[in-house]
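Chains as they are written, first to last, in UniProt numbering: chain A, 1 to 348; chain B, 1 to 348; chain C, 1 to 348; chain D, 1 to 348.
Here is the structure we will look at.
There are 4 protein chains.
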Amino acid sequence: MTSECSPRFLASDNTSGMCPEAMEMLLKANHEDDLAYGNDRWTALAADRFREMFDYDCEVFFVFNGTAANSLALSAMGRSYHSVICHELAHIETDECGGPEFFSNGAKLLTSPGANGKLTPEGIEALVTKRSDIHYPKPKVISLTQATEVGTVYSREELLAIRAMADKYDLRLHMDGARFANACVGLNASPAELTWQVGIDALCFSGTKNGLAFGEAILFFNRDLAEDFAYRCKQAGQLASKMRFIAAPWLGLLDNDVWWHNAAHANAMARYLADGLADLPGASLMFPVEANGVFVELPLNAIEALKAKGWTFYTFIGAGGARFVCSWNTSTALLDQLLHDIRAALDA
Amino acid sequence: MTSECSPRFLASDNTSGMCPEAMEMLLKANHEDDLAYGNDRWTALAADRFREMFDYDCEVFFVFNGTAANSLALSAMGRSYHSVICHELAHIETDECGGPEFFSNGAKLLTSPGANGKLTPEGIEALVTKRSDIHYPKPKVISLTQATEVGTVYSREELLAIRAMADKYDLRLHMDGARFANACVGLNASPAELTWQVGIDALCFSGTKNGLAFGEAILFFNRDLAEDFAYRCKQAGQLASKMRFIAAPWLGLLDNDVWWHNAAHANAMARYLADGLADLPGASLMFPVEANGVFVELPLNAIEALKAKGWTFYTFIGAGGARFVCSWNTSTALLDQLLHDIRAALDA
Amino acid sequence: MTSECSPRFLASDNTSGMCPEAMEMLLKANHEDDLAYGNDRWTALAADRFREMFDYDCEVFFVFNGTAANSLALSAMGRSYHSVICHELAHIETDECGGPEFFSNGAKLLTSPGANGKLTPEGIEALVTKRSDIHYPKPKVISLTQATEVGTVYSREELLAIRAMADKYDLRLHMDGARFANACVGLNASPAELTWQVGIDALCFSGTKNGLAFGEAILFFNRDLAEDFAYRCKQAGQLASKMRFIAAPWLGLLDNDVWWHNAAHANAMARYLADGLADLPGASLMFPVEANGVFVELPLNAIEALKAKGWTFYTFIGAGGARFVCSWNTSTALLDQLLHDIRAALDA
Amino acid sequence: MTSECSPRFLASDNTSGMCPEAMEMLLKANHEDDLAYGNDRWTALAADRFREMFDYDCEVFFVFNGTAANSLALSAMGRSYHSVICHELAHIETDECGGPEFFSNGAKLLTSPGANGKLTPEGIEALVTKRSDIHYPKPKVISLTQATEVGTVYSREELLAIRAMADKYDLRLHMDGARFANACVGLNASPAELTWQVGIDALCFSGTKNGLAFGEAILFFNRDLAEDFAYRCKQAGQLASKMRFIAAPWLGLLDNDVWWHNAAHANAMARYLADGLADLPGASLMFPVEANGVFVELPLNAIEALKAKGWTFYTFIGAGGARFVCSWNTSTALLDQLLHDIRAALDA
């Protein structure tokens, strides 16, 4: 199979498969039978590895996907009559078909604008202080996406400022870490520095986008919020009977910092693409490239031309905006071809 | 690794790993990137294979686990103020931590007794006609488990009689097929003969217990009930972004009737165990062995002795009842050792 | 209108209308406009009156009916994956069409038998200790009905024994007080003696069955459980905009112990009926008459004859069991006529 | 009590009490016991009266309040993964603390702007066609408020245009009729002309704002949507045991067109106030006055001055906007005093 005809999938990092290290562990976990429902040897091991990695005695749970991870964590952080403050572009608001509302049995999301896809302390305060009557669902949680839906990252200072606002109004802080690994790399910061050290109460850490087939980890740094959480997962259809096939591949990512290397590669590829685009008149970057996503404004006919050539990518950020997401296995060869095709489309 | 120290796991068929054919397809699906959310080539293929296998143009959906499969199917078959009739030993009643009630937002399960773990037309009618006032949640669905929770199977005649009762009261018929493959083998019947041909509206077909790591299939023979079901799965956290890692292993089971062979092996092992137990004074079978589960009554001290030797099994069917479940990879060597240990325990 | 043709309604105490004192206050509250959503003068007054009456600084909320009162209280006392222990005849189990499951988004009710409609400490313990795995919804709340669904009452000693069991397993104690007033009278005990003094966490006190048109009071003695409860009521459609029309009639009941006198009359009428039945061969009381309900076993043809004469009553307690409930306005004339008709039916 | 010190409540039409005709019927319904749960003579009568009034054989249900009426109707018109299109100022979006999301178990509201508080066909189409993927909750219902939240009304032509759009995309049409009576009067149109004749599927008709203490009517013109709806009401805590105390007062409104006269008075008072404001420099109407609400922009210090004088009103429509709502019992004396005080505040 030549690179010419390889899949031109840059729509999301979830078009990639499993990375070799994750697959190796999956195969290992299949050597022998083991206990079900997380009582196997792999699950305990993976949870401990997370605690080492975050240097914190957090509670760790594994669920199948991101919809469930975020929705279940949020439902544990508030009740149905509370509200969750998030950015207007937050994935939980725009792309979960009402998942957070379903799992929480009705909690409303209150959205705020903000440059570069980021919530601001002022935006949060505006929503909290807008009303205080009983007809307005009481804000209880702030949900941040790190890295954001537009490929930017919250700095430690920004996170601390949001934590201060959370403290002011007694709010809990949730982090949607669909691309948490890419944020760590982008900020050259440790997992601890970007979570409990800046007051994050719960993190949903995606393995799927980092090289797994399935399986997200939910980490509660605020352990009170994790009370009876295993029951919640069970009831909500998120307790895997053969849990070891989630946990063992996670060990593949956690051992030897594979998660970091996978994210670093993806971020580097995004940078490579962004640098290539910078040379192209007619293409302009829409947001700073700080993780593994590249948003570029292109003429509509160029977008059509690219799609006609089989490139898959999203265009949800307004007319003319194309999103390309790089992954642990994105190659410069693929990006060179993309850049070549974009240049051709712009020249046409 | 000697058979002496191999895992003595007979608690459930979910302690087994992936069968070789499923693993091979998983590895194949990992060769190349593919589209997300079921738009890949494997998912369509697997769905078509199900339609061939059932000889019916049914709607096919894949979800992560059995809790979700049954709960989502049931929530699509009724509304929150309806009730679901099931056997008092039904897994949805006893072992889902309120999952069906959660996904349906409150539907009650109405339970009925019945010999050998099976609902009867009379038992169903008694629940339907018990009351007709508005304070009693209106029965809308019958849920059968095939094979049952005690290792027996519903014959085609029994299924037809239940369907007749369903027709009499305008009820829908759901089949929890956690061990559907074992039932087909046990009855030497085709999937079609045990489902749409006897009026089943929806089947939850477990792959996990047949040799997968994850991934159950929901088949709607009554296609009206599947309207917008993909949205329901998405909202409820059951849409896999890398769906191909569920679909491709399913192909491993469906091609060459691997699913049948896996189930046939498991059933044969159960028969082997049952035959061995027949020779042991002090051990008595509690239910006919018609699929892959063996329920045996043992003295309490024998049960303790077996547990002390590291055998894992459930004892939920009343005091003194032990459940052993065989799987696609259960060996006669393991069962011989179990029989040896049971004999020793009984002799003690 | 002669007593001959007056309504022969003894099916429930909810066939009676408003008592004069409640109506007077409703008319008074209508004299002048007032603020909405409970910010009126009557609501605060009624809440305070409850606190005096119970001699406790409890949290007080008003909702429209009993389904909502019990369901909302229970949903505040646990979460969706918890379970509620109740008697197998509990109204929340048998007559709410899945209401508690709906409001709690899936909490299961675990039922226990028990003589005279009463839960026992042993029955509770059996349900709590039955299993401790994650597939069984964790017991969190005990719900008692006082007076019970069969017209008996829990003594203070029985309540204390149940509280001790609740403490042993860290369970919360809910009291369905649909006929709480009748229980106080039946036991000649104060509201305090039957609630917080014996460790009740929350009480749903019915006004409807005591002489109101609508409007139940929820009292939280465990104030932590009432956190943000007003939001819960609002979201669940239980915040009356013209709240004063619930609160003011409640004042009619609370002032001058009208609630006690209403219940005392109803209880006395039940006693009168029970005494009359004692003289009738062929009629036998099914439960001790300790509040305002009388359950009597009658031949089926007698039951038919009574229904033919226009008497309304329930027969849900098994074949041949008739329930007659007396109210604040039940008359001896009506009961004499009922006794007359029963005697005639038995003689036939 | 002089008019000087009478309540200065113009915040909402729910600060008024019961109108004499409704009270008279309530008293009448209290003369005698009657059957519970809507099996009384009044409930059937009131439902029939609605069918006459609308000249249509619709299904009629009574619930306690507006939150429940709208939320239950919407939950019957779609499922949890569907979405409801409404105006960004719609009461269901801004003032129900997540009620619609709670009752529907997660349906999202998609909001659209629109002049004078009104949805437009274009705005609806934009939301429907925005996306068609499974991550976006499928639009299923359009909810209109008639009269709107800013005191305007949809003309028959506007309603027909919205119905055409609904037909184009297979959407159902819900009308929040919190002030439906005022809209009929404002448009001088019959109930039929504004509902089923323009394709409304379900109407929530508020009695509370028209002179009742409690009790909204839900009318399904699309009878299919009402299937088993009584069970839904029961489960959701909206079945009144003493239903006659909702139904009978409704008869007070429906007989002799009291509902129309009440609304006509309220509208006339709003017109009176608006005319008075027209003469005041510094006060400017924000929306056409087409029903019983008057929105006026005032200097902030004038608003403060009015509040200091004890006037109650809402200011939720942006800074400087005051809402005054007239009711069936609003007097010109009260409005004269208000105008006097506004003039004084503006002069200051």
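The C-beta atom is built at its ideal place from N, Cα and C for all residues, glycine as well.
Keep in mind the model is a prediction, meaning the values are calculated, not measured.
In the DSSP assignment, HIS87 (chain A) falls within the unbroken beta strand (DSSP E) covering 82-87. Not a single C-beta of chain A is nearer than 8 Å to the C-beta of LYS242 (chain C). Within the region 302-323 of chain D, not one residue has a Cβ closer than 7 Å to any Cβ of chain A.
Shown in chain order are the members of the region 106-138 of chain A whose Cβ falls below 7 Å from a Cβ of chain D: GLY106, ALA107, LYS108, ILE134, HIS135, TYR136 and PRO137. Secondary structure note for MET165 (chain A): its alpha helix (DSSP H) is the uninterrupted segment 156-168. Below 8 Å, enough C-beta pairs join the region 198-206 of chain D and the region 68-75 of chain D to call them touching: three or more.
When DSSP states are grouped into helix, strand and coil, CYS97 (chain A) belongs to the coil group. For SER80 (chain A), the closest Cβ of chain D is nearer than 8 Å.
Interface flag for TYR231 (chain B) against chain D is set, since a Cβ pair is found closer than 8 Å. Here PRO191 (chain C) is buried, its C-beta having at least 16 other C-beta atoms within 10 Å. Boundaries of the alpha helix (DSSP H) harbouring MET23 (chain D): 20-29, taken from the DSSP string. Among the residues facing chain A, ASP228 (chain C) is included, as its CB has a counterpart in that chain under 8 Å away. Nearest neighbour of MET243 (chain B) by Cα position, chosen from B:ALA11, B:PHE9 and B:PHE61, turns out to be B:PHE61. The beta carbon of GLU96 (chain B) falls within 8 Å of a beta carbon belonging to chain C, placing the residue at that interface. For GLU101 (chain C), the residues of chain B that pass the 7 Å Cβ criterion are GLU101, GLY106 and LYS108, in the order they occur in the chain. In the DSSP assignment, GLU52 (chain C) falls within the alpha helix (DSSP H) that extends over 41-54.
Selection B:ALA189, B:LEU212 and B:TYR231 evaluated against ALA248 (chain B) yields B:LEU212 as nearest (Cα-Cα). In this structure, GLU216 (chain D) places its C-beta atom within 8 Å of the C-beta atom of ASN65 (chain D). Note: LYS108 (chain A) is bridge-paired with A:SER83 in the DSSP secondary-structure output. Counting along the chain, ILE218 (chain D) sits inside the beta strand (DSSP E) bounded by residues 216-220. No Cβ of chain D is located within less than 8 Å of the beta carbon of LYS209 (chain B). Contact note: LYS234 (chain D) reaches chain B through TYR81, ILE134 and HIS135, using a C-beta cutoff of 8 Å and chain order. Pairing ALA147 (chain C) with GLY98 (chain B) gives a Cβ-Cβ distance that is not under 8 Å. In the structure shown, THR208 (chain C) falls within a helical segment according to DSSP collapsed to helix, strand and coil. In this structure LEU187 (chain B) does not touch ILE162 (chain B) by the C-beta definition: roughly 15 Å separates them, more than the 8 Å allowed. An exposed status is given to PRO113 (chain C), since fewer than 16 other beta-carbon atoms sit within 10 Å of its beta-carbon. Legend: CB atoms of the region 277-290 of chain D lying less than 8 Å from CB atoms of chain C are not found in any residue.
The region 327-337 of chain B and the region 26-37 of chain B do not touch, with fewer than three beta-carbon pairs separated by less than 8 Å. CA-to-CA, the gap between HIS82 (chain A) and ASN262 (chain C) works out to about 40 Å.
Of the residues A:ALA266, A:ASP279, A:VAL289 and A:GLN197, the one whose Cα lies closest to the Cα of ILE342 (chain A) is A:ASP279. Only buried fits LYS234 (chain C), as 16 or more other CB atoms lie within 10 angstroms of its CB. The contact set of PRO7 (chain D) on chain C, defined by CB atoms closer than 9 Å, consists of GLU32, ASP33, ASP34 and LEU35 in chain order. For HIS265 (chain D), there is no enclosing beta strand (DSSP E); the residue is part of the alpha helix (DSSP H) that begins and ends at 258-278. Apart from the 5 residues on each side of it in sequence, ASN182 (chain B) sits with its Cβ closer than 7 Å to the Cβ of ALA147, ALA263, ALA266, ASN267, ALA291 and ASN292 in its chain, given in chain order. Residue contact with chain C for ALA213 (chain D): present (Cβ-Cβ distance below 8 Å to some residue of chain C).
For SER206 (chain D) against SER16 (chain D), the beta-carbon gap comes to about 12 Å, at or over 8 Å, which does not count as contact.
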